[in-house]
Amino acid sequence: MDPKVVILLFLGAIVILLLVGTPLKPVRFIGYGAVKLIIGALLLFALNAIGSSFIHIPINLFTSSVSGFLGVPGVLALVIIQKYIL
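Take the sequence shown: its letters are residues 97 to 182, numbered as in this note's numbering.
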């Protein structure tokens with residue numbers, strides 16, 4: 097799929113959700129989890145960009161969920177696991 101189409105679909109979904117509202121708690125929970133996953137992926141991207149010479153952590157569903165839900169301590173835990181265990 098073309099990236100422009102994907103971005104337009106996401107923007108359209110956001111606009112529809114803003115106009116209609118989400119009174120359902122499960123939808124809000126799924127949105128909260130999706131935001132955390134995106135934040136985790138961005139944290140890992142920043143870590144890989146800054147520490148490209150000494151550390152590389154792959155960005156996948158597991159690592160982005162750990163770094164997203166745990167924050168900076170989760171990223172540090174992934175770095176320690178990468179350096180000393182794997």
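For each residue, glycine too, the CB sits at the ideal point set by N, CA and C. Since this is a predicted model, take the numbers as computed values, not measurements.
Linking residue 137 to residue 113 through their CA atoms gives a straight-line distance of about 23 Å.
When the Cα atoms are used, residue 116 and residue 166 turn out to be separated by approximately 31 Å. In this model, residue 168 and residue 179 are separated by some 16 Å (Cα to Cα).
For the pair residue 144 and residue 151, the Cα-to-Cα distance works out to about 7 Å.
The Cβ atoms of residue 182 and residue 160 lie no closer than 8 Å to each other.
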